[in-house]
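**Q**
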Amino acid sequence: MSGSRCAARGSGRPAIPPGDAPHPTKFVDLTMLAMLTGRERTAEEYEALLDAAGFTLDRIVATPTPFSFIEATLR
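Per my numbering, numbering through the sequence shown is continuous, rising by one, with the last residue being 75.
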């Protein structure tokens, strides 16, 4: 998360581009989840993780898919 904090100070753009178009970051994200120690987290775990990195969890947006969007603000 510290890398995200540094990126947020710059452009504030997301590390993973939105949409369904292929992008190398999406491949890396899926690889980390499937082959390394990636795992699903609860809302409370995300809040603690973001807090430790200097972010405030603003909201979690549910979608009609199995995925949600997490919005956070750099403190």
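For every residue, glycine included, the Cβ atom is placed at its ideal position computed from N, Cα and C.
Being a predicted model, the structure only gives us computed values, none of them experimental.
Based on the DSSP output, what are the partners of Glu71 in its beta bridges?
**A** To locate residue 71, count along the sequence shown from 1; it is residue 71. Paired residues: Arg59.
**Q** Could you tell me whether the Cβ atoms of Ala43 and Asp58 are closer together than 7 Å?
**A** The residue given as residue 43 occupies position 43 in the sequence shown. The residue given as residue 58 occupies position 58 in the sequence shown. Not a contact, by the Cβ cut-off of 7 Å.
**Q** Using the three-state DSSP reduction, which class does Thr37 fall into: helix, strand or coil?
**A** In the sequence shown, residue 37 corresponds to position 37, counting from 1. It is coil, neither helix nor strand.
**Q** Does DSSP put Asp29 in a helix, in a strand, or in coil?
**A** If you number the sequence shown from 1, residue 29 lands on position 29. Three-state result, Asp29: helix.
**Q** Which residue from Arg39, Arg41, Ala53 and Tyr46 puts its Cα closest to that of Leu74?
**A** Start at 1 with the first residue of the sequence shown, and residue 74 comes out as number 74. If we check each option's Cα against that of Leu74, Ala53 comes out closest.
**Q** Mapping DSSP to helix, strand and coil, what is Leu21?
**A** Here residue 21 is taken as the residue at index 21 of the sequence shown, counted from 1. Checking the sequence shown, residue 21 turns out to be Ala, not Leu. Ala21: coil per DSSP, three-state reduction.
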